[in-house]
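S.K.:
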Amino acid sequence: MISPVKVWRRQKTIRDLLGKEGSIVTWTKIFTPPPQFKHIAPYTIVFVKLENGQNICAQLVDCMDDSLLEVGKKVVVTLRKLRESVSEDVIPYTIACKCI
Amino acid sequence: MKTGITSYGFYVPQYRIRVADIANVWGKNASEIERGLGVIEKAVSTAAEDSLTMAYESSSIAMSGHILPIGALFFGTESPVYAVNPSSTILGELLDIGNNYLAYDTQFACKAATGALISAIALVEGNQIQSALVVASDKATGRPHDALEYTAASGSVSIIVGEKKPILSIEAWESFSSDTPDFWRREGIKYPSHGGRFTGKPSYFKHIIGAVKAILSKTKSKPEDFSYAVFHMPNGKFPIQVAAQLGFSSEQIQRSLIVSELGNSYTASALMGLVATLEYVKPGEKILFASYGSGAGSDAFIFTATPELEKKRLLFSKKIQDKKYIDYPTYLKYMRII
Amino acid sequence: MKSQIIGYHTTQFGELWEKSLFDLVEETIVGVLKNTNLEIGQVDALFFGNMLGGILENNLHAGAKIADIFGINTPIYRVEGACASGGLAINLVHEYVQSGKGKTVLVVGAEKMTDVQPEFITQGLMSAASGEEQESGITFPGLYALMARVYLDKFKYDRKNLAAVAVKNHAHGLLNPTAHFRKVITIEQALKSSTIAAPLGLLDCSPVSDGAASLIITSDPALIKKKGGVQILSSHVATDSISLLQRDSLIEIKATQIAAEKAFSEAQIKRSDISLAEVHDCFTIAELFAMEDIGFWKKGEAGKRALNYETLKDNNGPLIVNTSGGLKASGHPVGATGIKQVGELYLQLIGKAEKRQIKNIKYGLAHNVGGSGGTAVVTIVGI
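Chains as they are written, first to last, in the numbering used here: chain C, 0 to 99; chain V, 5 to 342; chain Y, 612 to 994.
In structure tokens form, the structure reads like this:
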């Protein structure tokens with residue numbers, strides 16, 4: 000069971016990252032996911048340096064073609080629901096990156 | 005009325021599934037289905053998306069550049085992420101609009117958001133709040149092998165209602181309601197049910213015609229007074245038929261008929277048709293708009309475009325060409341059916 | 612005061628269905644006492660290195676569990692540092708013995724990883740990473756893959772430079788009877804193996820294994836005179852951010868650099884004095900980083916040197932690495948690895964490494980890392 004209090008605390012950090020732009024530093028594609036991410040596997044994870052200098056690690060969504068991935072490609076932070084919660088849990092929304 | 009729409013945003017997911025690819029799975033005649041429904045493909049959101057994430061996408065566009073405080077946030081959907089828990093507050097928090105607002109979740113099949121729009125207008129017109137955000141968002145699911153499987157789609161539209169520098173002024177509204185069980189879903193049941201052909205004449209047509217006739221009468225207008233008309237689009241046929249029955253021409257509704265490429269995004273459907281139309285509307289032109297929600301009701305509005313529209317117009321037709329086709333198993337994976 | 616290793620025991624590493632975590636702990640403690648000809652009553656304290664016992668066994672009181680098994684009242688300390696738990700435990704024992712708190716101490720490391728499906732292990736191992744990393748759905752292979760991509764791009768290497776590490780470690784594993792994998796692999800097999808986290812494939816990743824190992828370390832001059840053994844010359848720990856997001860560089864592990872520098876400084880020997888090392892190859896890229904971060908090779912050289920098999924036993928070079936088979940071939944029962952690494956150096960230095968024996972070694976180095984580099988332990992031993 001995911002703690003609703005932890006989701007609530009985390010939400011504010013997520014909010015502050017939404018809409019921020021950055022560029023890809025490195026990436027990988029996961030084929031052996033942990034159980035809570037099986038339903039969306041395989042997925043690409045990007046390590047991004049945001050404009051404000053902060054680094055983030057997030058799934059890359061809606062990127063049509065893996066071959067378009069390259070160091071320096073610009074992305075923006077958006078909202079997605081990635082972690083599969085038990086059907087009774089509070090939903091843990093999180094950040095993801097989209098190519099721009 | 006002094007109130008109008010001051011800004012808008014939309015979100016259509018990138019992925020599409022062709023009606024033909026669904027038909028082939030069930031051994032149906034693809035071209036017969038395409039012709040019968042007037043739909044060729046529909047928009048599909050991924051397993052990482054739901055009505056809330058799509059609402060965030062469309063509302064962050066609408067909110068961009070909006071400075072007035074949001075006094076009310078209305079969230080209209082029929083695919084809420086919780087059975088009990090507001091989505092309006094989650095969205096409000098993510099958009100960072102503070103705490104001094106009315107958060108309001110609403111459902112009424114495909115017209116949840118337009119009903120909320122009427123409430124928003126009333127609050128702004130009465131000067132009780134400075135601006136309101138109305139969000140329509142759905143990740144609609146159809147039961148596999150059911151007719152709705154071809155049209156149930158994903159999308160979101162957000163509208164900000166206010167008095168300052170509207171892009172569309174709102175001239176009038178009317179609502180027509182009755183108890184008509186054409187489409188419903190019981191608690192705990194995964195897929196909605198519907199009355200087949202009962203969803204036509206006694207439902208969709210009766211209520212849209214009822215609302216539109218009332219608004220035309222109230223404002224002493226005729227179909228010819230409008231440059232554009234937008235009707236709710238459960239499929240590609242109904243809006244064309246209801247337009248004809250009401251005396252609107254095919255030219256008037258042409259720009260709005262996005263259902264053939266995007267499917268029916270339920271609460272966002274008619275509003276998406278409005279967004280598609282706004283790409284072409286010129287200042288001074290009038291739009292007649294009517295939504296439909298099963299159960300049943302229709303909300304009709306008359307909008308007039310202002311010169312502000314030129315500054316805030318969003319490109320739509322090119323954006324929705326940015327798409328990728330998926331196959332049926334991927335569609336089932338994205339819809340969490342497998 | 613000396614801190615001398617006088618005994619070592621390891622269980623088989625692999626899929627040990629019949630044995631539970633504490634069965635393995637019991638087996639290796641009994642084994643090391645037998646090998647050293649000591650009774651448990653002669654041990655002043657026990658240290659236990661383990662990572663996943665809390666999550667998988669619902670046990671966070673291992674000391675009492677071990678006391679239960681042996682009917683003792685000896686002080687027992689559980690040590691946690693993700694994959695560096697074993698090395699960290701040895702480091703603490705070294706400090707404990709040197710401080711005079713106890714004369715003869717038993718250190719055991721163990722892990723039981725095959726009782727649950729691999730995806731739950733993947734999830735459990737992510738407890739060594741930050742919350743943000745966990746939330747993104749990344750896995751440990753993924754974290755090292757992120758680093759591997761930057762390294763390969765920067766120094767213009769490709770996957771073959773990584774595969775060569777696995778090929779070498781399997782060649783060594785073939786000679787180690789307690790290794791998880793005792794068969795040779797080729798570069799082609801490694802390149803073709805299924806992708807785990809691009810660009811890393813199955814054969815770039817150490818396996819999920821069960822196993823336990825233990826050492827007896829003493830400062831007792833009488834015991835040292837009787838048993839001989841191998842002295843711990845220095846052992847140092849350094850930490851860095853748990854998250855890759857906070858690191859200064861993605862192509863090195865700073866914690867290793869700091870711990871190694873301190874270890875060499877205290878032992879007063881040079882990198883070139885080390886002819887045998889057990890380094891932390893949780894993924895092939897990790898061994899390349901290890902060789903550069905410890906200071907054996909210059910930054911960027913490791914890919915080329917690995918492809919030349921410079922550290923393969925049969926090439927008789929000045930420095931042989933991972934004769935145990937490394938984590939890749941001998942297996943990686945997380946808490947046991949750090950112990951096994953020092954145990955392998957011990958066997959080699961006292962001439963008991965059988966088919967893996969390297970000649971004329973005076974000093975050995977063990978390198979154990981936690982997570983993606985949040986903890987590193989470097990231990991130098993000598994005869």
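The beta carbon of each residue, even a glycine, is placed where N, CA and C say it ideally should be.
What three-state label does DSSP hand Arg259(V) in the structure shown?
M.R.: coil
S.K.: So for Val93(C), helix, strand or coil by DSSP?
M.R.: Reading the sequence as shown, one finds Thr at residue 93(C) and not Val. Three-state result, Thr93(C): strand.
S.K.: Thinking C-alpha only, which one of Gly21(C), Leu16(C) and Lys80(C) is nearest Val47(C)?
M.R.: Gly21(C)
S.K.: Give the interface partners of Phe731(Y) over in chain C, defined as CB-CB distance under 7 Å, in chain order.
M.R.: Pro34
S.K.: Taking its Cβ as the centre, do 16 or more other Cβ atoms sit within 10 Å of Met67(V), making it buried, or is it exposed?
M.R.: It counts as buried.
S.K.: Looking at the C-beta of Gln53(C), does it have a partner C-beta in chain B at a distance below 8 Å?
M.R.: Structure shown: chain B not included; protein chains present are C, V and Y.
S.K.: Tell me whether the beta-carbon of Leu75(V) lies closer than 8 Å to the beta-carbon of Leu106(V).
M.R.: Reading off the sequence, residue 75(V) comes out as Gly, not Leu. Cβ distance < 8 Å, so Gly75(V) and Leu106(V) count as in contact.
S.K.: Contact defined as beta carbons within less than 8 Å: I believe Pro33(C) pairs with Met737(Y). What is the distance between those atoms, to the nearest angstrom?
M.R.: With a Cβ gap of about 6 Å, Pro33(C) and Met737(Y) count as contacting.
S.K.: So, at 8 Å on beta carbons, what are the nonlocal neighbours of Met5(V) in its own chain, with the 5 sequence-adjacent residues on each side left out?
M.R.: Ile125, Glu129, Ser173, Ile174, Glu175 and Ala176
S.K.: So, are the CB atoms of Ile687(Y) and Ile701(Y) less than 8 Å apart?
M.R.: no
S.K.: Looking at the structure shown, is Leu958(Y) part of a helix, part of a strand, or coil, going by DSSP?
M.R.: helix
S.K.: Lys46(V): buried (16+ other C-beta within 10 angstroms of its C-beta) or exposed?
M.R.: buried
S.K.: Quick check on the DSSP output: the beta strand (DSSP E) that includes Glu178(V) runs from which residue to which?
M.R.: Leu172 to Thr184
S.K.: Mind checking whether Ala144(V) and Asn239(V) have CB atoms under 8 Å apart?
M.R.: no
S.K.: The alpha helix (DSSP H) that contains Asn702(Y), what's its start and end?
M.R.: Start and end: Ser696 to Gln709.
S.K.: On the DSSP bridge list, what partners appear for Gly822(Y)?
M.R.: DSSP, once it has assigned bridges, lists Glu722(Y) as partnering Gly822(Y).
S.K.: Output, in sequence order along the chain, the residues in the segment 11-31 of chain V whose CB is closer than 9 Å to any CB in chain C.
M.R.: Pro17, Gln18 and Tyr19
S.K.: Run through chain C and tell me which residues come within less than 7 Å of Glu97(V), C-beta to C-beta.
M.R.: Those within 7 Å of Glu97(V) in chain C are Gln10 and Arg14.
S.K.: Should the segment 625-641 of chain Y be called in touch with the segment 820-838 of chain Y, which here means at least 3 C-beta pairs below 8 Å?
M.R.: yes
S.K.: Identify the contact partners of Ala92(C) in chain Y, using a Cβ-Cβ distance below 8 Å as the criterion.
M.R.: The question names Ala, but residue 92(C) is Tyr in the sequence shown. Result: empty, since nearest Cβ-Cβ is about 10 Å, beyond 8 Å.
S.K.: Going by CA-CA distance only, name the one from Ile193(V), Leu278(V) and Tyr329(V) that's closest to Ile171(V).
M.R.: Leu278(V)
S.K.: Which same chain residues end up closer than 7 Å to Leu930(Y) when comparing Cβ atoms and leaving out the 5 residues on each side of it in sequence?
M.R.: For Leu930(Y), where only same-chain residues beyond five positions count, the Cβ hits under 7 Å are Ile885, Ser886, Ala888, Phe907 and Thr922.
S.K.: Over what stretch of residues does the beta strand (DSSP E) that includes Arg689(Y) continue unbroken?
M.R.: Ile687 to Val690
S.K.: DSSP on Arg22(V), reduced to helix/strand/coil?
M.R.: Arg22(V) falls in the strand class under three-state DSSP.
S.K.: Can you check DSSP and say which residues form a bridge with Ala906(Y)?
M.R.: Going by the sequence as given, residue 906(Y) is Gly instead of Ala. Gly906(Y) pairs with nothing; no bridge assigned.
S.K.: Taking Ile1(C) as the query, report the chain V residues whose CB atoms sit under 7 Å from its CB, ordered along the chain.
M.R.: Within 7 Å Cβ-Cβ: nothing; Ile1(C) doesn't reach chain V, min ~14 Å.
S.K.: Can you name the residues of chain C whose CB is closer than 9 Å to the CB of Glu45(V)?
M.R.: Simply none; closest approach about 16 Å.
S.K.: Would you mind reading off the limits of the alpha helix (DSSP H) that contains Phe731(Y)?
M.R.: Pro729 to Leu736
S.K.: Would you tell me roughly how many angstroms separate the C-alpha atoms of Leu318(V) and Gln10(C), rounded to the nearest one?
M.R.: 30 Å
S.K.: Okay, do the segment 939-955 of chain Y and the segment 788-800 of chain Y touch, 3+ Cβ pairs below 8 Å being the bar?
M.R.: yes
S.K.: Just tell me which of Pro810(Y), His891(Y), Ser876(Y) and Val776(Y) has its CA closest to the CA of Ala913(Y).
M.R.: Val776(Y)
S.K.: Along the segment 791-805 of chain Y, where does the CB come closer than 9 Å to a CB of chain C? Name the residues.
M.R.: Ser805
S.K.: Name, in chain order, the residues that DSSP records as bridge partners for Tyr1066(Y).
M.R.: Not covered by the structure: residue 1066(Y). The range shown for chain Y is 612 to 994.
S.K.: Using a Cβ-Cβ distance under 8 Å, would Thr57(V) count as near chain C?
M.R.: yes
S.K.: Kindly list the residues whose CB is nearer than 7 Å to the CB of Ala878(Y), restricted to its own chain and excluding five residues on each side of it in sequence; keep chain order.
M.R.: Leu844, Ser845 and Ile991
S.K.: So if I threshold CB-CB distances at 7 Å, which residues from the segment 891-919 of chain Y count as touching chain C?
M.R.: none
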